[in-house]
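Residue numbering for the first sequence follows the working numbering, beginning at 1 and increasing consecutively. A virtual CB, placed ideally from N, CA and C, is assigned to each residue, including glycine. Have a look at the structure below, then the notes.
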Amino acid sequence: MSRYEPSQTETKWQAAWDDAGVFTARRDPARPKYYVLEMFPYPSGRIHMGHVRNYTMGDVVARYKMSCGFSVLHPMGWDAFGMPAENAAMERGGHPKDWTYGNIADMRDQMKPLGLSIDWSREFATCDPEYYGQQQAMFLDMLDAGLVYRKNAVVNWDPVDMTVLANEQVENGRGWRSGALVERKELTQWFFKISDFAGELLSALDGLKDWPEKVRLMQANWIGQSRGLQFSFDTVDAPEGFEKIEVYTTRPDTLMGASFVGISPDHPLAKLLEAQNPELAEFLAECRKGGTTEEAIETAEKIGRDTGLRVKHPLDPNWELPVWIANFILMDYGTGAIFGCPAHDQRDFEFATKYALPINPVFVAEGAEEEALTEAFVPMKSEKVRYVRGFAGAEVQTGEEGVATAIAYAEDKGFGEGVTKYRLRDWGLSRQRYWGCPIPVVHCPACGVVPEKKENLPVRLPDDVTFDKPGNPLDRHPTWRDCSCPKCGAAAKRETDTMDTFVDSSWYYARFTAPRATTPTVAEDADYWMNVDQYIGGIEHAILHLLYSRFFARAMHKTGHLPAKAVEPFDALFTQGMVTHEIYKTTDEKGRPVYHLPEDVDREAGTVKATGETLEIIPSAKMSKSKKNVVDPMNIIAAFGADTARFFVMSDSPPERDVEWTASGAEATSKFLGRVWRIAHEIAEGAGGEGVAEDAALMKATHKAIDEVTRSIDGFAFNKAVAALYTLTNTMQKSGASNAVKREAMKLMAQLMGPMVPHLAEDIWAALGGDGFVVQAPWPKADPALLVEDSVTLPIQINGKRRGEITVPKDMPASEVEKIVLADDAVVKALAGGQPKKLIVVPGRIVNVVI
RNA sequence: GCGGGCGUGGCGGAAUGGUAGACGCAUGGGACUUAAACUCCCUGGGAGGUAACUCCAUGCCGGUUCGAGUCCGGCCGCCCGCACCA
């Protein structure tokens with residue numbers, strides 16, 4: 001008998017599916033629809049194992065749902081704008097467009113051999129003018145609806161290259177190319193008003209029942225709702241316009257522990273003082289060093305300066321507090337000003353200690369006495385404490401009660417107001433870069449900022465640009481900027497900022513429902529296909545991409561581009577883990593690390609093949625090119641076929657966890673698939689025994705597998721589905737069942753394997769005389785009668801330790817079980833004539849005798 | 001620094017609060033073969049014991065429970081995110 005030949009079989013079935021148009025999505029009102037979407041890839045040029053895993057998971061779901069009778073939409077596209085294309089143009093010359101479309105062609109060629117059930121007729125790239133032009137149209141609608149505005153915001157500024165840097169281009173506070181110390185600089189930029197939706201984006205999380213709890217938690221914390229007090233300190237002899245400093249606090253109950261007022265380096269008052277005071281100006285310049293990330297700001301050394309200004313305490317006009325500028329206070333959060341209570345905030349405590357500011361406890365633990373603190377006392381808000389410097393409410397109350405009574409007190413006395421605030425900031429979408437969607441507005445000397453006319457869309461990126469110097473090529477293009485004002489017709493200048501690529505990925509799921517339409521969406525298509533029933537992607541997108549998409553769907557609904565039901569675009573979310581691999585490292589003579597590709601090392605000997613150097617083997621880490629711990633899926637497909645690659649990434653690791661790629665694992669998978677093929681062909685050639693009991697046993701095992709595989713796919717536990725298929729294969733191989741029953745069992749198994757190894761499954765299905773494509777055959781149903789077991793084995797525990805077992809009829813009453821247990825040798829021996837203290841019988845599960 | 005998650009044999013992992021280690025890999029032994037490859041069978045956490053069996057074991061420490069890998073508290077380590085990487 002011949003062997004299984006994936007290279008021939010796989011191309012054969014892919015061509016057959018194509019010819020039959022099996023994966024073309026059709027709006028079919030007669031059938032329920034199912035929209036499965038994996039996060040679309042960035043066209044880096046090569047697919048990696050993470051892609052294979054991501055798209056195989058989606059494919060398993062898509063094919064399974066197809067078999068279950070759904071009209072399935074399973075599209076693919078490219079998140080094609082972004083920095084790497086510009087970097088490539090800078091490093092190697094060429095145009096970002098050519099680089100990007102070339103990469104897309106390469107990656108498509110690599111993905112097609114995987115045999116994914118994708119409707120390629122819907123493919124698009126976000127850098128297609130047909131796509132970004134529709135995005136510009138929606139931007140104008142959103143501008144019109146008041147969802148977009150301009151304000152100042154800080155960027156990473158490289159003072160040598162005179163250019164804006166992305167956060168990832170800042171390394172240890174320095175620009176990656178120039179090495180210059182990065183500064184924070186303000187620019188006028190475009191923003192989406194996502195903060196208007198903060199409350200709704202938060203409360204709607206409760207409705208996302210099929211999202212991972214951890215993602216909902218992360219988003220909730222990111223939105224960061226807080227209840228607090230907003231009030232003003234009256235200043236003493238302050239500059240005009242700063243008679244008051246407005247602060248926001250979530251702990252108004254600690255007001256009597258205030259020892260200073262802190263303002264952000266970006267606070268208007270700080271800017272005013274900067275102009276008058278060279279010493280403060282120097283300090284503020286110091287504060288502005290470093291990148292803009294919250295991480296950089298939070299981990300930087302906490303520094304401050306006394307402005308010399310004083311404010312009056314709202315509860316005691318004779319009590320004056322100093323006003324400090326502190327680098328850890330964010331202008332974007334609250335009012336950009338706080339009062340510091342060192343006794344009950346660790347950061348304030350460290351600040352106060354450093355600058356010798358007073359530390360006065362407001363409350364102490366219930367039953368404790370006031371004493372000098374060596375660190376901030378920060379009990380849970382739900383814990384009861386005794387207020388020694390309280391001003392509202394009972395002496396002993398919880399922090400929560402303290403906050404509530406303090407707000408009520410402030411409102412009653414009229415010096416403050418209880419407010420709800422969010423940590424979520426508006427979404428800055430301006431990028432000072434070329435390779436993105438142009439923001440379709442015009443700056444007119446007479447009319448100001450004017451939206452481009454819709455009939456002039458798309459505002460296309462010019463092709464004649466160079467990347468020989470840093471900065472935005474649109475900015476220095478000789479003619480592209482020049483235009484006439486859409487309103488008055490006078491000479492005007494185009495906006496040269498482009499959009500954040502998160503905008504592109506915030507609505508692509510909607511575009512897939514009508515990818516060629518001349519409007520952003522088409523009502524009937526959006527209505528039929530939305531929402532995405534199952535969205536699959538990496539956990540690294542838990543916050544930004546998913547939150548922006550949730551906002552954008554709402555904004556699209558407000559501007560008439562999506563139905564109301566689609567404001568939460570993703571019904572179910574699954575976040576998959578990474579594909580990892582060991583890292584092979586040696587060190588060069590200068591002590592620098594040198595990494596080696598898996599194929600260049602002898603894993604057994606622990607050496608580099610070429611040189612014989614001893615390797616340091618670093619356990620599983622995310623595959624990355626720089627660490628060279630990458631396995632190219634194309635090599636695996638060439639060696640073993642796509643089914644092996646697909647089955648391997650579904651095996652072993654639960655999908656939400658990282659999976660370790662091992663060469664031996666891939667080989668074992670390939671052997672297994674070969675074994676299944678062989679068994680199938682033996683059956684096709686008439687193999688089989690004639691035992692009646694074996695027939696029944698095999699059908700029972702097969703239906704158990706149907707049940708397990710079905711439940712596993714439904715529950716995204718593909719590794720368990722794989723395990724069930726291994727078990728069934730072992731049973732089938734050993735079974736002495738008749739050929740007819742074996743044939744039936746193997747056909748059912750081909751159906752169960754189909755979503756994971758579609759080519760092999762089609763081949764087996766055809767060999768055993770199945771009708772049509774296995775992918776279109778109705779999904780088998782487990783016969784409940786074949787799933788029940790008549791008897792059950794119960795372990796007997798004595799004091800929680802397993803000491804024996806009994807086998808009893810499944811539905812034996814507990815009282816009967818007790819009798820058998822008490823007569824059991826191990827139990828009799830342990831009791832030594834005495835009585836058990838307690839006898840626990842968990843029906844069908846376990847028995848525990850407590851002595 | 002802040003937010004979230006994870007941690008089980010040599011390895012990947014399984015286990016509605018109920019027999020820890022399903023299924024697989026690697027290892028060791030055997031069959032087939034002139035030999036090898038392929039394939040098939042057996043073995044398979046650690047320690048002790050001829051054996052029946054006993055003890056230890058789910059990152060560490062403590063708690064709840066008849067019973068904890070699972071729940072709670074505290075630590076340690078790793079991973080993801082932190083708003084201009086995508």
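- Under the three-state reduction of DSSP output, leucine 330 falls in the coil class, being neither helix nor strand.
- Going by beta carbons, proline 458 and glutamine 136 fall inside the 7 Å limit.
- Beta-carbon to beta-carbon, alanine 642 and proline 113 are separated by about 6 Å, close enough to satisfy the 8 Å threshold.
- The segment 472-506 contains, as complete beta strand (DSSP E) runs of 3+ residues, the segments 482-484 and 491-494 (chain order).
- Each of Trp78, Lys97, Val385 and Ser121 was checked against the Cα of glutamate 86, and the nearest Cα belongs to Lys97.
- With a cutoff of 7 Å on beta-carbon distance, aspartate 141 and serine 505 are scored as not near each other.
- For glycine 102, there is no enclosing beta strand (DSSP E); the residue is found in the alpha helix (DSSP H) stretching over 96-111.
- Taking all protein chains in view, the Cβ of arginine 743 is crowded by 16 or more other Cβ atoms within 10 Å, so the residue is classified as buried.
- A check of alpha carbon separations from histidine 443 across Ala737, Leu315, Gly489 and Asp464 identifies Gly489 as the nearest.
- Counting along the chain, the unbroken alpha helix (DSSP H) around serine 549 starts and ends at 544-558.
- If the five residues before and after serine 382 are omitted, its C-beta is found closer than 8 Å to the C-beta atoms of Thr398, Gly399 and Glu400, all from its own chain and listed in chain order.
- Residue Lys151 holds the alpha-carbon nearest to the alpha-carbon of threonine 188 among Gly207, Phe23, Pro317 and Lys151.
- Judged by DSSP in its simplified three-state form, glutamine 432 adopts coil rather than helix or strand.
- Residue nearest to aspartate 790 within the set Lys781, Pro809 and Gly224 is Pro809 (criterion: CA-CA distance).
- Residue pairing for glycine 262: DSSP places it in a beta bridge opposite Trp324 and Ile338.
- By the criterion of a C-beta distance shorter than 7 Å, leucine 673 is surrounded in its chain by Tyr4, Asp643, Thr644, Phe647, Val757 and Leu760, once the five residues flanking it on both sides are discounted.
- A direct Cα-to-Cα measurement between aspartate 158 and valine 182 gives close to 5 Å.
- Arginine 511 and phenylalanine 716 have their C-alpha atoms roughly 26 Å apart.
- Aspartate 714 sits exposed, since fewer than 16 C-beta atoms from the chains shown fall within 10 Å of its C-beta.
- Counting the other Cβ atoms within 10 Å of the Cβ of glutamate 762 gives 16 or more, which makes it buried.
- Within the model, the alpha-carbon separation for leucine 272 versus glycine 336 is close to 15 Å.
- Taking 8 Å as the upper bound for CB-CB distance, phenylalanine 502 and tyrosine 535 are not in contact here, some 16 Å apart.
- Contact between the segment 240-260 and the segment 338-350 is established, with three or more Cβ pairs separated by less than 8 Å.
- From the listed residues Pro563, Ala275, Phe328 and Gly304, the smallest Cα separation to threonine 292 is found for Phe328.
- Using a 10 angstroms sphere on the CB of valine 449, the tally of other CB atoms stays under 16, which defines it as exposed.
- Taking arginine 288 as reference, the option from Gly173, Glu168, Asp475 and Thr24 with the minimal CA-CA separation is Gly173.
- For the 7 Å CB-CB criterion, serine 712 and lysine 720 form a contact.
- By the C-beta density criterion, valine 842 is exposed, having fewer than 16 other C-beta atoms within 10 angstroms.
- Here alanine 782 is near aspartate 707, since their CB atoms are less than 7 Å apart.
- Assigned with DSSP and collapsed to three states, aspartate 771 falls in coil, not helix or strand.
- Put simply, the backbone Cα of alanine 492 is about 11 Å away from that of glutamate 452.
- Leaving aside the five residues that flank glycine 133 on each side, the residues in its chain whose CB is nearer than 7 Å to its CB run, in chain order, Leu457 and Pro458.
- By the Cβ neighbour-count rule, proline 440 is buried, with 16 or more other Cβ atoms within 10 Å of its own.
- With respect to the C-alpha of proline 268, the residue from Ser259, Ala697, Phe242 and Pro361 having the closest C-alpha is Phe242.
- Here isoleucine 846 is bridged, per DSSP, to Val842.
- In the displayed model, tyrosine 132 falls within a helix according to three-state DSSP.
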